[in-house]
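Undergrad:
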Amino acid sequence: MKTLPVIPSLRGLLAGVRRTRPDAPKIVSVPALVAFLILAAVTFSVVFLGPFQWSPTTTTSSSSSLISSSAGAECDMTRGQWVRDPAALPYYTNATCAFIEGYQNCMKHGKPSLEFLRWRWRPDGCGDELGRRRFDAARFFRLVRGKSILFVGDSMASSHVRSLVCTLAQVEAPERSRSPGGFEHWRFPAHRFTVTFFWTPFQVRWRLSRGPPEAVGPERQGEVFAGPTDLHLDEPDQRWAPAAKGHDYVVVSASHWFARPAVYYRGGRVAGCHACGLANVTALRPEHAQRAAFRTVLRALAGMKGFKGTAILRTVAPTHYENGGWFDGGECTATEPADPEDPEEMAEPDGEFYRAQVEEFAAAAEAARRNGVRLRLMDVTKMMLRRPDGHPDRYGHGPGEHEGFDIDCLHWCLPGPIDVWNDLLLQILAGR
Ligand SMILES: *[C@@H]1O[C@H](CO)[C@@H](O)[C@H](O)[C@H]1NC(C)=O
Ligand SMILES: *[C@@H]1O[C@H](CO)[C@@H](O)[C@H](O)[C@H]1NC(C)=O
142 MKTLPVIPSL RGLLAGVRRT RPDAPKIVSV PALVAFLILA AVTFSVVFLG PFQWSPTTTT
202 SSSSSLISSS AGAECDMTRG QWVRDPAALP YYTNATCAFI EGYQNCMKHG KPSLEFLRWR
262 WRPDGCGDEL GRRRFDAARF FRLVRGKSIL FVGDSMASSH VRSLVCTLAQ VEAPERSRSP
322 GGFEHWRFPA HRFTVTFFWT PFQVRWRLSR GPPEAVGPER QGEVFAGPTD LHLDEPDQRW
382 APAAKGHDYV VVSASHWFAR PAVYYRGGRV AGCHACGLAN VTALRPEHAQ RAAFRTVLRA
442 LAGMKGFKGT AILRTVAPTH YENGGWFDGG ECTATEPADP EDPEEMAEPD GEFYRAQVEE
502 FAAAAEAARR NGVRLRLMDV TKMMLRRPDG HPDRYGHGPG EHEGFDIDCL HWCLPGPIDV
562 WNDLLLQILA GR
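Per the numbering used here, the sequence shown starts with residue 142, numbered consecutively.
1. At a threshold of 6 Å, does residue 512 count as lining ligand 2 (C-beta to nearest heavy atom)?
2. Select from 550, 472, 333 the residue whose C-alpha is nearest the C-alpha of residue 314.
3. Would you mind stating whether residue 434 and residue 345 have Cβ atoms separated by less than 7 Å?
4. Do you know offhand how far residue 567's Cα is from residue 418's?
5. Cβ-heavy atom distance between residue 236 and ligand 4 below 6 Å?
6. Starting from residue 412 and walking both ways along the alpha helix (DSSP H), at which residues does that stretch end?
7. Is it the case that the CB of residue 288 approaches a heavy atom of ligand 2 more closely than 6 Å?
8. Just the Cα atoms here: how many angstroms apart are residue 264 and residue 525?
9. Expressed to the nearest angstrom, what Euclidean distance is found between the alpha-carbon atoms of residue 304 and residue 398?
10. Is the CB-CB distance between residue 378 and residue 450 below 7 Å?
11. What are the start and end residues of the alpha helix (DSSP H) that includes residue 498?
12. Taking the alpha helix (DSSP H) that residue 428 falls in, what are its first and last residues?
13. Under three-state DSSP, which class holds residue 531?
14. Measuring only from the beta carbon, is residue 252 closer than 6 Å to any heavy atom that is part of ligand 2?
15. Nearest-angstrom Cα distance between residue 322 and residue 380?
16. By how many angstroms is the C-alpha of residue 229 removed from the C-alpha of residue 276?
17. Determine the DSSP secondary structure at residue 230, reduced to helix, strand or coil.
18. Taking the beta carbon of residue 189 as the centre, do at least 16 other beta carbons fall within 10 Å, making it buried, or is it exposed?
19. Do you know how far the Cα of residue 338 is from the Cα of residue 302?
20. Please list the terminal residues of the continuous beta strand (DSSP E) segment that includes residue 288.
21. Using only CA atoms, which one of 426, 221, 243, 296 lies nearest to residue 341?
22. So which of 309, 262, 216, 220 has the shortest CA-CA distance to residue 237?
23. Buried or exposed for residue 527, going by 16 or more other Cβ atoms inside 10 Å?
24. If you count every other CB in all the chains shown that lies within 10 Å of the CB of residue 564, and 16 or more means buried, which is it?
25. Closest by CA to residue 425, which one among 316, 491, 412?
26. Give the list of continuous beta strand (DSSP E) stretches no shorter than 3 residues that lie fully inside the region 308-346.
27. Report the rounded CA-to-CA distance for residue 226 versus residue 235, giving the unit in angstroms.
28. Return the residue from the list 387, 406, 558, 279 that minimises the CA-CA distance to residue 523.
29. Please identify the residue among 504, 529, 531 whose C-alpha is closest to the C-alpha of residue 518.
30. Could you give the first and the last residue of the continuous beta strand (DSSP E) run that contains residue 371?
31. At a threshold of 6 Å, does residue 449 count as lining ligand 2 (C-beta to nearest heavy atom)?
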């Protein structure tokens with residue numbers, strides 16, 4: 142078996158990237174540099190979720206006919222426009238919410254223009270009123286009284302949790318805690334509501350197959366090493382799945398990690414792999430794994446004994462790297478949303494992942510109905526596709542800090558455009 146080279150530490154690697162870039166042409170041969178960048182890409186994406194294959198293609202709107210927010214008779218909030226509102230104020234700021242992570246904290250890190258906060262999402266056919274209305278925290282709290290919501294996913298899910306918690310915290314300061322097994326909780330005692338987060342990048346069972354001991358240890362779950370990862374496409378991640386029954390709402394999402402090298406398993410046997418370097422294993426595209434993982438997880442939730450709640454699939458939030466990828470100088474310097482007249486372009490594999498999610502959602506709906514589980518699609522893809530201005534870009538860290546992406550066009554600023562996801566969530570919770 143070919144073994145991938147081991148990288149001593151991410152920090153060392155990042156320092157290397159920074160040191161190397163300006164001098165590279167002088168001191169490093171081109172093949173060595175290419176090998177290094179590929180390796181850097183792989184490692185970096187393990188930690189910060191960045192897909193490392195970028196081949197922008199245009200997606201047609203053919204998949205849009207499948208879109209259904211399933212929010213009952215109310216308007217479809219997933220289609221609409223971003224409209225400028227110079228008077229718009231964020232629900233919270235870096236000064237009023239303590240839960241914003243460094244890599245989301247664009248205000249603190251001096252993003253030069255905060256104009257990206259002056260846009261409202263105005264859904265089509267919902268009347269202008271909905272576009273102007275601020276998130277109704279009182280209504281949200283009324284709907285969730287005595288209930289709990291579990292978010293399961295990667296750092297993008299973590300960002301949504303923080304957006305929600307920061308917004309609600311303006312009404313009631315939550316109590317934060319952790320419980321064994323990696324669950325993080327925010328309790329709002331006066332409103333008898335709990336938000337729980339569990340970090341898992343694939344939804345299905347996974348294990349880092351090769352890496353230094355500190356990376357493969359049970360606590361690290363592979364944060365610091367360049368895989369490949371073993372992905373058991375037909376088994377939900379048992380570290381969180383049994384906990385779903387204890388919640389009224391479960392929000393699942395996953396995408397960017399699937400672009401990484403991985404060996405795919407079915408029934409405990411190797412079924413294929415992506416970029417794994419094994420000649421005797423069938424090459425499969427990451428889209429295959431994305432589709433299979435969502436099939437597994439949605440069916441598990443739809444058919445889960447004892448779960449009578451609402452399972453929500455939040456779709457891909459697209460990245461917006463231009464002039465390169467995250468590892469070779471790609472950036473996102475737009476200062477306003479994309480023109481609605483421009484064609485919708487989604488970098489692959491984001492577009493493929495999105496189609497896989499929407500189709501697997503539709504395929505699981507019948508099983509969910511039979512079992513009395515509400516299955517809802519929270520389709521954020523098209524609205525986020527139009528927000529290249531909402532990423533941290535160079536302002537996800539302070540000058541000289543090496544945490545996270547150097548230039549981050551994958552995560553989103555908080556506060557920022559993803560705060561509108563809470564409006565979609567509210568509409569789903571209020572629906573039949
Ligand atoms: C592929 O080959 C390696 C050794 O070259 C072996 O260890 C591995 O089991 C093989 N995998 C499969 C699925 O046959
Ligand atoms: C919030 O951001 C401002 C700049 O907009 C900065 O001066 C301040 O230190 C930040 N505060 C916190 C708590 O991050």
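Backbone N, C-alpha and C fix where the C-beta goes; we use that ideal spot for every residue, glycine too.
TA: Straight from the coordinates:
1. no
2. 333
3. yes
4. 45 Å
5. In the structure on display, ligand 4 does not appear, and the ligands it does have are ligand 1 and ligand 2.
6. Element bounds for residue 412: not the alpha helix (DSSP H) but the beta strand (DSSP E), 410-415.
7. no
8. Cα to Cα, the separation comes out at about 13 Å.
9. 21 Å
10. Not a contact, by the Cβ cut-off of 7 Å.
11. 491-512
12. Start and end: 427-443.
13. helix
14. No, the Cβ of residue 252 stays beyond 6 Å of every heavy atom of ligand 2.
15. 7 Å
16. 12 Å
17. coil
18. Because the pLDDT of residue 189 is 37, which lies under 50, any placement of that residue in the model is unreliable, and the number read from its coordinates should be weighed accordingly. It is buried - the Cβ of residue 189 has at least 16 other Cβ atoms within 10 Å.
19. Roughly 7 Å between the two C-alpha positions.
20. 288-294
21. 296
22. 309
23. Under this definition residue 527 is a buried residue.
24. buried
25. 412
26. 316-320, 324-329, 334-340
27. 21 Å
28. 558
29. Check the Cα spacing between residue 518 and each of 504, 529, 531: the tightest is with 504.
30. 370-377
31. For ligand 2, not one heavy atom lies less than 6 Å from the Cβ of residue 449.
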